[in-house]
Structures are given as C-alpha cells and as structure tokens.
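Notes for the one structure printed next.
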Amino acid sequence: MRTDSSPGSLPAREHLPAAGAGTPVLDVVIPVYNEEKDLGPCVRRLHAHLTRTFPYAFRVTVADNASTDGTPHIAARLAADLPEVRSVRLEQKGRGRALRTVWSASEAPVLAYMDVDLSTDLNALLPLVAPLISGHSDLAIGSRLARSSRVVRGAKREFISRSYNLILRGSLQARFSDAQCGFKAIRRDVAQVLLPLVEDTGWFFDTEMLVLAERAGCRIHEVPVDWVDDPDSTVHIVRTAADDLRGVWRVGKALATGSLPLDRLSRPFGDDPRDRDLTGVPQGLARQLVGFCVVGVLSTLFYLLLYSGFRHVAGSQLANALALLVSAVANTAANRRLTFGVRGRGGAVRHQAQGLVVFGIGLALTSGSLAALSAATADPDHSTELAVLIAANLAATVLRFLLFRAWVFPDAAPEAHPQMPRVPEHRLPEPHPAGAYRGRSDAAVRRRPVHAADTDPRDAR
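Quick note, the sequence shown lines up with residues 1382 to 1842 if you use my numbering.
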C-alpha cells in the first residue's frame, strides 16, 4: 500500500462556473486491450450520443494498454476521423494503469470511464456527471444493484457480483452498492489528491479508489443503470476475483494499521452544517458521547464478567476492586483511541494514571453502594448485588465522561476545519445546440451560471 505523501488536502467542493468554450468539460476514457472488433462501433456510438445530448465540450480518450492486435490502428483512425476523439498508447497492461495515466494528464474538470462494450445504457451518462459539475458530489458510480436498475446477465455473474460487494461491506465497511460496474466519474481536483494513494493497476483500481474516497469523507453519488451483460467479454473471472480478494486484504490491512494518511484528506464540505462554527456547542460532543457509550457498554459487560469470576474466589469488595481495576485500564485505553482520537504512545502513561484516579472515584461509588447493601441486608442475592453495581456504575459513568473530557483528554476535542485556500475555478463552456462542434472558441458565447436543470437529460435532447 502506498504511504507516500498526497498532493495535499481535498479542496472545498464548489460548483463549476460557466465561461467561454475551450477546454473539454468531460473526458471519457475507454481503456481497451485487444478490442479491434468492438472499438470502432462503440466509440462512434458514444461520440454520436454525446454530440446529440451532452450540452458542453467533451472528449473521448481511447487508452490502449499494450494491445497486440489491430486496436492501436483503429484507435488512431478514430482520432483522425472524429475531432473530439484522441488515442493514448501504453506499453503495459492494466486498466487501472491506463485510467491513472490519462486522468492524471487530463485538464478536463470531470473525468469518467466506461467499458468498451458499452453494456451500460448511455442515457445514464448525463445523470452520472451532473452532480460532479454542480459541486454536489466528488465521485459518481453506476449501480447495477440499485432497486430501480434493470440488469440482464447470467446467474453466475450475478452471484459473483453480489458476493463481492457483500465482502466489501463486511471487510472494508464499504457503503456503496456496486464497486465493479464499469461506469464511473470523478472530479479532477479530487482525483489529483486521491490517485497517488491508489496502488492497484488492474481491475481492483476503482474499488480501491472508492474505498479510500469513502474513508476520506468524499461524497459518492450512485446512479441506477440499465445494463446488459456482454457474452463475449474477455475478462477472466476467476483470476480477476482472486486479484480482487488480494486487493481487499491489502487495503484492509493498510486501513487497520493506519499506514494511509487519509486524515490529511479531510476537507471543508462547503455548506455542510457539521463544519460550521456554532457558539455554545462543543465541537465533537455528539460523536464523543456515542463513542463513550459504546465503550462504556462493552466495559460494563467486561466488568460484570470479571466480577462474577472473581466472586467465586474472593469476597464482594475484593472482587469488585479487581474487576474494576482491570476494566478501568481497558476502558481508558479504548476511550483514548476510539472516543477522543488520541493516537501514539505520547502521554499514554499520564492518561492511564489519570484514568486510575477516575477509577478510584468509581471504586468509591461502587464500594459504597455494596457497603450500603450489606448494611441493609445481611446476605444479599447475587442478582441484587449486580443490580446495585449497575446503578452505581451508571452514576460513575456520567462522572467518568465529564472527567475524561475536561481533565484527562482536554485537548482531544476536534477543532473547526482550518480555512482552505480557494480552488482555482474551472471554466465551463456555455451549452450549445446539438451537433455544434465542441471545443472551438466562440466569442459570441454568453456567460451564465450552470444550474442543475442544465444537466437534465430531457432538456438536453
């Protein structure tokens, strides 16, 4: 897993304003390997669709990664025949390598890719890129697993696809629904920061990119698609699945060990209310309360288990002290890392010492409760002892949180996001009539802001 420094923090997500024609707004990459049969018809079909429906300048880039048949010659002929098409030749195989190379060099503010077989209905292309142009989202993916998607494919591929996405959800806590659909887009400013962290150069490339983007706090927009399986696909399912599983293990290990600098990618989300400075509202209080409660529940169960075990060999007071001591050390360590986000060994001994003081207060509360119970009842039931201890621990828990936040970890409360430098604005050309040549200067183009309605497929036809 790459651990080298990324180019910087993610910029504030902003609407891409409109201006004069020139630079393509959208660069659609088609990675190919030995596709001489399908390349010509598919590229011409995509070009005709964009010419008819897409209201801004566009470009189609054929990324040939080490084809050994006639694919390079067909790509060159397409680039010569169609002004908006270009071809790029790579001497090494790998879909991820092709996408990284073209996306890193492209000047278009929105970057996309699709498989050469065009299995996905092209009517989903405009809804895919519209949220990126408007500034609503950072990445967009087509989903064949959404409820409103219409998919035609065999049972084998359906089973593999759903199983793979279940593995991603279970192992990497991914929340997106379809990692493998060859129909995705990303804003260029996000790609410049994210791509240096993506290691894979093959089929796992976009899955890794999505997992890292999600962990970095990027917004991923999903578009239901109509998708028809290509029976002549040359993808080796077993080998690809094995490579994907190795990639899942590698990324999961890197995330678990903290070797990825994802915390450096935190960004101001513009109009997100969670990033606003609100007077009288402690930063991060809600999140810390949730974390503290989760750790507290687990610690209480651990404490009760220890108490029940020690009670068989010791009196109630000694069993309570031993159980509370062991669980307090574990509780302080867990809250230090999970609730208050303190990492590393610096200050760990001091935190544990302060945690033991807090433990002493809890011990006084619980021991006092047991003493009061013994005074009231000569031989209390074990269930009664547990009930009294639970009540005493609830009171001690509230006090423990207040002491942890104000005394043990006073500097751990999240600070407001620092002001980020303003991102250079990408200029979008004015939408123009269907069939007009994209990419040429037009002095008569009128400048106006781009609105969501501009990207409605019904308005573009």
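Every residue gets a Cβ at the ideal spot worked out from N, C-alpha and C, and that includes glycine.
Secondary structure of residue i, DSSP reduced to three states
i: H1602; result: strand
i: K1565; result: strand
i: L1706; result: helix
i: G1690; result: helix
i: M1801; result: Here the model assigns M1801 a pLDDT of 38, short of 50, so the residue's position is not dependable and the matter cannot be decided.
i: F1790; result: coil
i: P1642; result: coil
i: R1726; result: coil
i: R1556; result: coil
i: V1424; result: helix
i: D1570; result: helix
i: I1584; result: Correcting the residue type first, residue 1584 is Trp in the shown sequence and not Ile. Note: W1584 maps to coil in three-state DSSP.
i: T1404; result: coil
i: R1543; result: helix
i: V1579; result: coil
i: R1531; result: strand
i: D1760; result: coil
i: D1610; result: coil
i: H1813; result: Here the model assigns H1813 a pLDDT of 47, short of 50, so the residue's position is not dependable, and the following value carries that caveat. H1813: coil per DSSP, three-state reduction.
CA nearest to the CA of residue i, picked from the options
i: Q1573; options: D1519, S1468, E1539; result: D1519
i: I1742; options: R1781, L1509, D1496, L1666; result: R1781
i: G1551; options: V1592, L1427, V1406; result: V1592
i: E1539; options: L1685, A1702, T1449, D1610; result: D1610
i: A1429; options: G1451, A1447, D1462; result: D1462
i: G1583; options: Q1473, L1641, R1528, I1541; result: Q1473
i: I1522; options: L1507, R1534, V1533; result: L1507
i: S1544; options: S1515, S1529, L1626; result: L1626
i: A1776; options: F1721, L1744, F1586, I1541; result: L1744
i: G1475; options: D1624, L1459, V1533, A1460; result: D1624
i: L1685; options: G1728, L1767, A1511, T1588; result: L1767
i: R1528; options: A1555, D1607, W1484, A1460; result: D1607
i: A1460; options: L1526, V1424, R1569, F1740; result: V1424
i: V1532; options: A1635, A1759, T1501, L1643; result: T1501
i: H1454; options: K1418, Y1437, S1485, V1441; result: K1418
i: A1702; options: L1549, F1740, S1680; result: F1740
Short Cβ contact (8 Å threshold) for residue i with residue j
i: A1558; j: E1603; result: Sequence inspection shows Ser at residue 1558; the Ala mentioned does not correspond to that position. Their beta carbons are under 8 Å apart, which means S1558 touches E1603 by this criterion.
i: A1465; j: F1439; result: For clarity, residue 1465 is Glu in the given sequence; the question names Ala instead. Yes, the pair counts as a contact, with Cβ atoms nearer than the cut-off.
i: S1750; j: A1773; result: yes
i: A1560; j: N1546; result: yes
i: D1408; j: A1489; result: yes
i: D1581; j: G1451; result: no
i: R1481; j: L1420; result: no
i: V1676; j: T1720; result: yes
i: V1469; j: E1416; result: no
i: V1491; j: V1406; result: yes
i: S1524; j: P1422; result: no
i: L1509; j: L1427; result: no
i: V1629; j: L1553; result: yes
i: Q1698; j: R1786; result: no
i: K1565; j: A1493; result: yes
i: S1680; j: A1711; result: yes
i: R1458; j: T1442; result: no
Supposed contact pair residue j and residue i - C-beta distance, whole angstroms, cut 8 Å
i: F1790; j: V1723; result: 6 Å
i: A1444; j: I1411; result: 7 Å
i: T1747; j: L1784; result: Not confirmed; about 16 Å, so no contact.
i: A1709; j: G1690; result: Their Cβ separation, rounded to whole angstroms, is 16 Å, which puts A1709 and G1690 out of contact at 8 Å.
i: L1687; j: A1714; result: Not quite, the Cβ-Cβ distance comes to about 16 Å (not below 8 Å), so this is no contact.
i: C1599; j: V1632; result: The Cβ separation is near 16 Å, so there is no contact.
i: F1673; j: N1716; result: 6 Å
i: R1556; j: L1513; result: Not quite, the Cβ-Cβ distance comes to about 19 Å (not below 8 Å), so this is no contact.
Near the ligand COA: residue i beta-carbon under 7 Å from a heavy atom
i: P1512; result: This structure simply doesn't include the ligand COA, nor any ligand for that matter.
Starting from the N-terminal side, write out each stretch of the beta strand (DSSP E) that is 3 residues or longer and does not extend beyond the stretch 1488-1528.
1491-1495, 1520-1524
Entirely within the stretch 1431-1487 and at least 4 residues each: give me those alpha helix (DSSP H) ranges in chain order.
1452-1462, 1476-1486
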